[in-house]
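Here the structure comes first, spelled out in structure tokens, and everything after it is commentary.
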Amino acid sequence: MMWRKLKKLWMKRVFLCLGDIRWICSSRALDAAKAFSRFSYGVHDNSLDEVSFIGGKRMSKGSTAFYCFKLDLSVGSCQVLNWRRKQLDYAAPMTVEEYSKGIAVAGRLKNVDLAMEPECTPSIITYNILISAFGRLMLVDHMEATLREIKELSLTPTIHTYKGLIAGYITAWMWEEMEKTYRIMKAGPIKPDIDIHLLMLRGYAHSGKLEKMEEIYEMVRDHVDHKETPLIRAMICAYCRSSHVARVEKVEKLLRLIPEDEYRPWLNVLLICLYATEDLLEQMENSINEAFEHKAYVTTVGVMKCIISSYFRHNAVDKLADFVRRAEHAGWKVCRSLYHCKMVMYAAQMRISEMERVLDEMDRVNMHLSKKTFWILYHAYERWGPQSKLEQVIGMMCKHGYKVPLDACNS
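Okay, structure coming up:
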């Protein structure tokens, strides 16, 4: 009973498929469905030939297979695939659509043998695809083994072969092999094109080789400036990581090439660190304001320490206090160093009451007092007073088990 229902449903799908392509009249569609049914259930091995020649009109083998795949029947479609692959019709090879449908069926069945046919031999295009795939997966050993096989088969590498190799080495951060491949290209008959130069520009930027990066950039400047914003950002990263004496000027020159609508939070944070390291307080604050406007936020302590170090070197405690307040509201990473820096700077300017308010700020963000906090208080009260608060701090240090200065004990 169940088999009859399935057969009825299957026959309905056959009629729908054959009706859609409109290649035979309805009276002949039944003959096609019966022929395909006999093929699917192993009644007649040559039934697909009957499907391809019905109603006085022969379909091509590709059309027959493609529309049989549309029936989406596991066993039948699998047999159609094998039938189509075994046809020695070299004038009409399997198309991309047929392969796609067949591979989809094979994936659902999970046990279809799609081994290479004996008369099929791989070309350089096949090996280029393998090199590209291995490179993206950072399988460098497999990629190089594929290259050796190309040489053993005496196949001629193409520009895409070298492109896949260089891209793979860049993905794996193998800079020496990347340069070696580039030198082989320059010395050989296949010269680097603009795509190769763009890859090398990215590779030199990631590896931090600024001189070679600038050399390649001069070769493709017009193209990069107008069409390769990601490469411009990569070059900015290279300058930010370097110790180049004119890195700020070069970064700002590249920044002018990036459209305003291509904002990247990570690049914004990188610029904040650059300006903070160079003690360019105004530019740093402009980048910080831009981050606040775009609702970007910092999640690492290292970046926050870089910012507060710049404020400390400029002795800009009021600007630091404003930054801490905005960072708290924006959800940036807050750390104890933010508040300790404020306390030290307030104490240096004898602003004791404001220093004490920092303790309330720390309590508001559930940040307990540490040994360093007590030491900052101790030195502030020792220098400016009052003596009663100094003694109170000494008592708190003893209570928490922290070491007390000897001169405090003698007094």
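Take the sequence shown: its letters are residues -26 to -1, 1 to 385, numbered as in mature numbering (1 follows the signal peptide of the UniProt record, and there is no 0).
C-beta: ideal position from N, C-alpha, C; glycine also.
Every value quoted in this text rests on a predicted model; they were computed, and no experiment measured them.
How many Å lie between V291 and R300 at the Cα?
14 Å
Could you check what DSSP says for residue 386 in three-state terms: helix, strand or coil?
The chain is shown only over -26 to 385; residue 386 falls outside these bounds and no answer can be derived.
M324, DSSP secondary structure in three states:
coil
Candidates V277, I326 and R325: which alpha carbon is nearest C309's?
V277
Sequence-distant residues of its chain with Cβ nearer than 8 Å to I206 (five each side left out)
V198, D199, L228, L231 and I232
Taking Cβ to Cβ, would you say N242 is nearer than 8 Å to A208?
no
M201 (DSSP reduced to helix, strand or coil):
Looking at the sequence shown, residue 201 is not Met but Lys. DSSP places K201 in helix when its eight states are reduced to three.
Can you tell me whether C261 is helix, strand or coil according to DSSP?
Before going on, a small fix: residue 261 reads as Ser here, not Cys. S261 falls in the helix class under three-state DSSP.
When Y376, H180 and I246 are compared against A141, the one with the closest alpha-carbon
H180
Examine the Cβ distances between the stretch 153 to 164 and the stretch 103 to 119 and report whether three or more of them are shorter than 8 Å.
no
Where does H116 fall in DSSP's three states?
helix
When you compare each of Y213, E256 and E335 to M187 by their alpha carbons, which one comes out closest?
Y213
Whole-angstrom Cβ separation of M317 and I350, contact assumed at under 8 Å?
5 Å
From S14 to I98, what does the alpha carbon distance come to, in whole angstroms?
Low confidence applies here, because S14 scores a pLDDT of 45, under 50, leaving its location unreliable; read the following figure in that light. Rounded to whole angstroms, S14 to I98 spans 38 Å at the Cα level.
Does the beta-carbon distance from V367 to Y355 come in below 8 Å?
yes
For W240, which of helix, strand or coil comes out of DSSP?
helix
State the CB to CB distance for the pair K137 and D169, rounded to an integer number of angstroms; the pair is presumed to be in contact (CB under 8 Å).
6 Å
First and last residue of the uninterrupted alpha helix (DSSP H) at T145:
I133 to T145
Would you call the CB atoms of R221 and D253 closer than 8 Å?
no
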